[in-house]
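J.:
Residue numbers (our numbering), protein chains in the order written: chain A, 287 to 544; chain B, 287 to 544.
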């Protein structure tokens with residue numbers, strides 16, 4: 287729980303890669319499997335399954351994760367918001383689960399007490415410590431107007447230099463494994479990413495996602511210091527293979543390897 | 287784990303009281319029982335069992351807590367540092383257990399990851415969520431030179447206005463139940479206590495302890511905004527009853543009631 291596991295090791299060693307985010311509550315399982323195969327071929331280091339909203343999580347997700355894992359060797363990382371009394375939803379078959387600490391939330395549950403809720407409820411949920419996926423401690427910051435996230439998690443968008451300085455210091459103090467910068471309605475400001483890169487520990491990873499629709503955007507995020515750039519909605523269309531090839535040109539590989 | 291329990295409710299309602307801290311690894315059980323009876327008669331709201339050092343915790347503490355609880359109605363609160371792989375030591379018979387988050391530690395384990403370690407190991411330790419004492423989330427800050435605490439917990443003394451401002455903001459963000467200010471070698475500076483009182487949420491309690499030897503000191507801590515003033519070593523002597531009467535004059539009662 288508090289030691290570095292294989293997924294974090296892998297992520298630390300493969301910095302500079304795009305990563306695809308599949309919403310299992312929108313994308314049919316068979317399509318997710320095809321996408322997983324496609325991004326594995328492109329050299330992505332992992333696949334993220336994520337959604338702000340979910341219901342009957344365990345019913346769907348056990349089969350969904352199993353189907354993906356049957357098809358690829360990629361680690362599957364879960365990234366879902368917690369719910370009071372349960373904490374973060376998770377299935378044992380996943381390789382890792384992000385615990386987002388929403389440092390911009392008005393509600394201390396979403397700030398971090400969901401961590402305690404999750405761990406206290408794991409055994410009751412039938413998931414012993416030996417069956418729990420690797421936990422990735424993630425400081426999650428959101429940018430730009432976002433009513434959906436506010437309604438679900440009481441998270442306010444981060445803005446202002448003083449707030450950013452404070453949060454960088456908190457992220458160092460608490461030594462999160464990674465920070466996850468997200469903008470639902472716009473883009474994560476590059477200067478924010480750059481400031482955080484310069485003010486957190488080198489081993490702390492930066493994920494950026496939200497509104498990513500082009501390889502230029504992906505490269506701009508890397509230039510601003512992102513380690514991983516996530517895209518989700520860009521592939522939620524029938525011609526996703528075409529889009530994927532534009533976003534991640536074959537042969538481009540991970541930036542770290544270039 | 288993340289809801290307010292009866293001990294925190296009680297502590298919130300009885301602000302302005304001295305509280306005695308017994309080191310079970312120094313004070314014989316029978317003497318602890320007599321002291322518990324004495325402080326209950328004086329109107330103290332709780333008894334704290336605490337030590338920086340301990341060994342064979344469960345063997346001693348189950349009997350120790352049971353003996354105290356047989357003699358008094360006072361809630362018994364445990365306050366011990368965590369150890370890697372186990373987390374905070376605790377016995378189910380206690381009413382509450384403080385989880386100190388050592389915000390001044392160089393080691394993120396002692397800063398807060400011990401929380402995760404504790405919760406992940408509880409079941410393995412035979413303590414289900416229903417048997418776990420109430421958890422008090424405590425931001426622990428130390429003051430003045432203290433090699434013992436540094437060696438055990440990598441905690442550096444807090445100093446400087448900027449650090450204090452930052453920590454107050456962290457304490458608000460993470461909404462700890464209480465803050466515990468401690469000085470092993472000197473006293474907690476009154477201006478620090480006052481600053482924190484003015485810069486944390488009103489419901490967050492302040493405990494002050496370390497070097498308390500007189501009722502003047504206790505009153506000075508209350509004047510600086512402390513809710514509870516703890517004393518331990520002052521009663522580690524044969525004539526502890528005399529000292530106790532000087533420290534907590536009978537009839538003085540809790541400040542909140544005066």
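We put the CB at the ideal spot given by N, CA and C, even for glycine.
Just so we're clear, the structure is a prediction, and the values are computed from it rather than from any experiment.
(1) If you scan the stretch 389 to 439 of chain B from start to end, which runs of the beta strand (DSSP E) of 3 or more residues do you find wholly inside it?
(2) Suppose you measure from the CA of residue 350 of chain B to the CA of residue 296 of chain B; what does that come to, to the nearest Å?
(3) Using the C-alpha atoms, what's the distance from residue 321 of chain A back to residue 456 of chain B?
(4) Can you give the Cα-Cα distance for residue 347 of chain A and residue 309 of chain A, rounded to whole angstroms?
(5) Compute the beta-carbon to beta-carbon distance between residue 307 of chain B and residue 518 of chain B, rounded to the nearest angstrom, for a pair I have assumed lies under 8 Å.
(6) Closest to residue 418 of chain A by CA distance: which of A/492, A/425 and A/410 is it?
(7) Would residue 498 of chain A be called buried (16 or more neighbouring beta carbons within 10 Å of its own) or exposed?
(8) From residue 544 of chain B to residue 501 of chain B, what distance separates their C-alpha atoms?
(9) Whole-angstrom Cβ separation of residue 511 of chain B and residue 483 of chain B, contact assumed at under 8 Å?
(10) Please report the Cβ distance between residue 362 of chain B and residue 374 of chain B, rounded to the nearest whole angstrom; I am assuming they are in contact, meaning their Cβ atoms lie under 8 Å.
(11) With distances taken Cα to Cα, identify the nearest neighbour of residue 386 of chain B among B/336, B/525, B/412 and B/377.
(12) For residue 312 of chain A, count the other beta carbons within 10 Å of its own beta carbon; 16 or more makes it buried, fewer makes it exposed. Which is it?
(13) Distance check for residue 469 of chain A and residue 334 of chain A, CA to CA, integer angstroms please.
(14) For residue 476 of chain A, which residues of its own chain have a beta-carbon under 7 Å away from its beta-carbon, when the five flanking residues on both sides are left out?
(15) What's the gap between the Cα of residue 416 of chain B and the Cα of residue 495 of chain B?
(16) Quick check on this structure: which residue in B/473, B/394, B/425 and B/402 has the alpha carbon closest to the alpha carbon of residue 431 of chain B?
(17) Could you tell me whether the Cβ of residue 398 of chain A comes closer than 8 Å to any Cβ of chain B?
(18) Going along the chain, which unbroken runs of the alpha helix (DSSP H) with 4 or more residues stay wholly within the stretch 289 to 340 of chain B?
(19) Taking residue 461 of chain A as the reference, which of A/294, A/486, A/345 and A/434 has the closest Cα?
(20) Any C-beta of chain A sitting closer than 8 Å to the C-beta of residue 461 of chain B?
(21) Label residue 525 of chain B either buried or exposed according to how many other C-beta atoms from any shown protein chain fall within 10 Å of its C-beta, with 16 as the threshold for buried.
(22) Residue 491 of chain B bridges to which residues according to DSSP?
(23) Between the C-alpha atoms of residue 490 of chain A and residue 354 of chain A, what's the straight-line distance to the nearest angstrom?
(24) What first and last residue would you give for the beta strand (DSSP E) that runs through residue 517 of chain A?
(25) Is it true that the CB of residue 364 of chain A sits closer than 8 Å to the CB of residue 380 of chain A?
(26) Can you check whether the C-beta of residue 489 of chain B is within less than 8 Å of a C-beta belonging to chain A?
(27) Mind checking which residues open and close the beta strand (DSSP E) that includes residue 498 of chain B?
(28) Between the beta-carbon of residue 304 of chain A and the beta-carbon of residue 515 of chain A, is there less than 8 Å?
(29) Classify residue 453 of chain B as helix, strand or coil using the three-state DSSP reduction.
(30) From what residue to what residue does the alpha helix (DSSP H) around residue 530 of chain B run?
(31) In or out: residue 359 of chain B buried (at least 16 other Cβ within 10 Å) or exposed?
(32) Run the CB neighbour count on residue 437 of chain A, radius 10 Å, all protein chains shown included, and call it buried at 16 or more, exposed below.
T.: Taking the structure as given:
(1) 420 to 428
(2) 23 Å
(3) 41 Å
(4) 11 Å
(5) 4 Å
(6) A/410
(7) buried
(8) With a pLDDT of only 39 at residue 544 of chain B, under the threshold of 50, the placement of this residue in the model should not be trusted; the figure read from the coordinates follows. Rounded to the nearest angstrom, the two C-alpha atoms are 16 Å apart.
(9) 3 Å
(10) Not confirmed; about 15 Å, so no contact.
(11) B/336
(12) exposed
(13) 17 Å
(14) 506 and 510
(15) 31 Å
(16) B/473
(17) yes
(18) 292 to 299 and 315 to 327
(19) A/486
(20) yes
(21) exposed
(22) B/464
(23) 28 Å
(24) 514 to 517
(25) yes
(26) no
(27) Segment: none, residue 498 of chain B is in no beta strand (DSSP E) and carries neither H nor E.
(28) yes
(29) helix
(30) 526 to 533
(31) exposed
(32) exposed
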